[in-house]
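Working notes, beginning with the structure itself.
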Amino acid sequence: MKNSTVEYRHNFPLDPLDVVRVFDQSGIKRPTANLPRIARMFAAPCLSLSAWVDNELVGLARSLTDYAYCCYLSDLAVDQRYQGLGIGKELVKRTQAIIGDDVSLILLSAPDAMSYYPMLGFEPAGNAYVIRRKH
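Take the sequence shown: its position 84, counted from the start at 1, is 84 in full-length UniProt numbering, and no numbers get skipped.
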């Protein structure tokens, strides 16, 4: 990635095939074998940020928010070839800048990423509950 600049885009339409590639290359577990479902996931998010290098999607953050009280960061993924360069951190930072200081940023971490989020300023929430999806 030497001499390459990361370009960040706000609510830029994403090709589901690019999303699947980034999910698969990032290590995040998502239903990437179900392309129509991935397309639905990105059809109308409240807030989408993407990271691009040489016109290739390398990272993404997808959030659901009311822009007033809470924001759920449902996907944060960076292609493994670009991990460790601060792209995930920048996607979270830009998400926070857009939603503002009055809005809580909430996420459910994958087990393998539990140690990552505290480095970005996230605090564990001992009062979270979930009804898990069936598929």
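Where is the CB? At the ideal position from N, CA and C, for every residue including glycine.
When only Cα atoms are considered, tyrosine 129 and isoleucine 28 end up about 21 Å apart. Taking C-beta atoms as the reference points, serine 26 and valine 78 count as a pair closer than 8 Å.
Taking the CA atoms as reference points, aspartate 75 sits about 16 Å from serine 104. By the Cβ neighbour-count rule, methionine 114 is exposed, with fewer than 16 other Cβ atoms within 10 Å of its own. Leucine 107 and tyrosine 72 have their alpha carbons spaced roughly 6 Å apart. By a beta-carbon distance limit of 8 Å, leucine 47 contacts isoleucine 98. Their separation comes to about 6 Å.
8 Å or more divides the Cβ of leucine 49 from the Cβ of tyrosine 82. In the structure shown, the three-state DSSP call for arginine 40 is helix. In the DSSP assignment, glutamate 7 forms a beta bridge with Trp52. Within the stretch 91-134, the complete beta strand (DSSP E) segments at least 3 residues long are 104-106, listed from N- to C-terminus. In the three-state reduction of the DSSP assignment, aspartate 18 falls in the helix class. Excluding sequence positions up to five before and after alanine 39, its CB lies within less than 7 Å of the CB of Pro16, all in the same chain and listed in chain order. Secondary structure note for aspartate 75: its beta strand (DSSP E) is the uninterrupted segment 70-78.
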